[in-house]
Amino acid sequence: MSEANLFTPVRIGDIALHNRIAMAPMTRNRSPGGVPTELNALYYAQRASAGLIITEGTTPDAGGRGYIDIPGLYDAAQVAGWRRVTDAVHATGGRIVVQLMHTGRISHPDFLDGGTPVAPSAVAAAGNIFTRQGPKPHPVPRALEAHEIPAVIASYGRAASLAIEAGFDGVEIHGANGYLPSQFLSTNVNLRTDDWGGSVENRARFLLGAVAAAAEAIGAGRVGLRVSPGSSFNDIADSDPEATLTHIATALRGRGLAYFHLVGGAYGYDAAGIARRRFDGPLMLNGGYDRARADADIAAGRADLVSFGSAFLANPDLPERLRTGAALNAPDTATFYGGDAKGYTDYPALAAAA
1 MSEANLFTPV RIGDIALHNR IAMAPMTRNR SPGGVPTELN ALYYAQRASA GLIITEGTTP
61 DAGGRGYIDI PGLYDAAQVA GWRRVTDAVH ATGGRIVVQL MHTGRISHPD FLDGGTPVAP
121 SAVAAAGNIF TRQGPKPHPV PRALEAHEIP AVIASYGRAA SLAIEAGFDG VEIHGANGYL
181 PSQFLSTNVN LRTDDWGGSV ENRARFLLGA VAAAAEAIGA GRVGLRVSPG SSFNDIADSD
241 PEATLTHIAT ALRGRGLAYF HLVGGAYGYD AAGIARRRFD GPLMLNGGYD RARADADIAA
301 GRADLVSFGS AFLANPDLPE RLRTGAALNA PDTATFYGGD AKGYTDYPAL AAAA
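Quick note, in the UniProt record's numbering, the sequence shown goes up one by one and the last residue is 354.
In structure tokens form, the structure reads like this:
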């Protein structure tokens, strides 16, 4: 046991944090044309008392777009938009990294100028995706040709470089929740028989390649990775998620990454334990935490940081509320996705509520 808790400073790679509370990445659909706005800057600046902010999923390439009004990081306008955000966060002493998310098959031609989403194999996700014309079935994606894959991986490196240009403290590779790297990992989506499919070593090549591309571009100490081994979100399945997580965590040893971020879930095995034993850097856990449980896991050495999602959405001053035991605002689920300031930047802080 240690004396560390949520409010103990910590260094993750090249990034020094004043506490161990992270704001988890949450899609909010409020960046028209993929460009962050002053409203986005206000939203993140309000939450800068977090030790670390992880932005909403941000596509590293135009071919990775999915959903309405999610941001990107592949052109000059997006860099300028994100610079407004990072300047606002840094002005209040915060730290912020951008989550790089290629949606892969979780997209639609409506978001791709009529193009077909890409994936490891031509396997459509079940269900619908919400477009500006309403819900539409997920289309059958186009299987990436082997010669195309290195260029997609390289987009993570280019986006990481642009992230530093935009003032970010680092990047998080989104390897979770059924998006493109997760699709490569998953045995129900990746049906390939070449070097990118089959064994866990082959299925993990895309994810590990994306991490390596970002690390080469900006230094491993500014790169984190988020995974969700065993999650079925976005119609994903893995025949042996424990083996997948073991391979990934082991492969990341010695790379000097800023952190490894494990999405919370009832996976049927001790995912956090595997990650802690196999990975040799800072470990961030997520999922249903309150202060007592977070402090206990940090003190026990089970985690180095804890990320909070919807609680941060509704409580811009969440660290102070956790520190003092104050009541939390309830999130308004009707305003999670899209819209304006309502349910985005109008949640009251303690001082305003008083």
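We put the CB at the ideal spot given by N, CA and C, even for glycine.
According to the neighbour-count rule (16 or more other Cβ atoms, all chains shown, within 10 Å of its Cβ), is H147 buried or exposed?
-> exposed
Within its chain, find whatever has a CB closer than 7 Å to the CB of N5; leave out the 5 residues flanking it on each side and keep chain order.
-> D295, I298, A299
Which term fits Y269, buried or exposed, when burial requires 16 or more other beta carbons within 10 angstroms of its beta carbon?
-> exposed
What is the rounded straight-line gap between the Cα of E38 and the Cα of P348?
-> 19 Å
Could you check what DSSP says for A76 in three-state terms: helix, strand or coil?
-> helix
Give me the Cα-Cα distance between A16 and E3, rounded to the nearest whole angstrom.
-> 19 Å
Could you give the DSSP three-state label for T131: helix, strand or coil?
-> strand
What are the partner residues of G57, as DSSP defines its beta bridges?
-> Q99
Just the C-alpha distance for A80 and A166, rounded to the nearest angstrom, thanks.
-> 7 Å
Starting from R11, trace the beta strand (DSSP E) both ways and give me its first and last residue.
-> 10-12
What runs of the beta strand (DSSP E), each 3 residues or longer, lie entirely inside the segment 235-299?
-> 259-262, 283-286
Out of S182, H108, V118, S31, state which residue places its alpha-carbon closest to the alpha-carbon of N128.
-> H108
Could you check where the beta strand (DSSP E) with R226 kicks off and where it finishes?
-> 223-227
Check whether the Cβ atoms of G224 and I12 lie closer than 9 Å to each other.
-> yes
Terminal residues of the beta strand (DSSP E) in which E165 lies | From DSSP, E165 is part of no beta strand (DSSP E) but of the alpha helix (DSSP H) over 149-165.
Should R105 and A125 be called a contact, given that it needs their Cβ atoms to be closer than 9 Å?
-> yes
By a C-beta neighbour count over all protein chains shown, 10 Å radius and 16 as the cutoff for buried, is E56 buried or exposed?
-> buried
By DSSP, does L112 sit in helix, in strand, or in coil?
-> coil
Where S232 falls, given that 16 or more other Cβ within 10 Å makes a residue buried | exposed
Range of the contiguous beta strand (DSSP E) that encloses V306 = 305-308
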